[in-house]
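Residue numbers (our numbering): 49 to 153.
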């Protein structure tokens, strides 16, 4: 655990907030946790993220945390255009619903 995906997230954070290159960020994370080894796809995404964020050079955008929080709010408030019904696997209909029969005779 904490070898590829979570390490990549930490690297992305360092790139965005500390103006590190992907190589510098990865070195900093490896210094604290030696077993870190993001997969090739994640490394490629870090490079693309760095270029997109900094345009190759320049300073990071102001208020990175607020931008991230706003993006999360947008994603969590969007309605799913194709909602899926909750799974009812393993639940019998008789035990899932209360009986509508009255016990009065």
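The C-beta atom is built at its ideal place from N, Cα and C for all residues, glycine as well.
Asked                                                                                                                                                           : Found
In angstroms, rounded to a whole number, what distance separates the CA positions of residue 74 and residue 125?                                                : 33 Å
Only counting the same chain, and skipping five residues up and downstream in sequence, which positions put a Cβ closer than 7 Å to that of residue 66?         : none
State buried or exposed for residue 63, treating a residue as buried only when at least 16 other CB atoms are found within 10 Å of its CB.                      : buried
So, are the CB atoms of residue 84 and residue 57 less than 8 Å apart?                                                                                          : no
The alpha helix (DSSP H) with residue 63 in it runs from where to where?                                                                                        : 53–66
Kindly give me the distance between the Cβ atoms of residue 55 and residue 77, rounded to whole angstroms, as I take these residues to be in contact under 8 Å. : 5 Å
Could you work out which residue in 81, 60, 72, 59 is closest to residue 49 when comparing CA atoms only?                                                       : 81
So, helix, strand or coil for residue 69, using DSSP?                                                                                                           : coil
In whole angstroms, what is the alpha-carbon distance linking residue 2 and residue 102?                                                                        : Lying outside 49 to 153, the shown extent of the chain, residue 2 is not represented and no answer is given.
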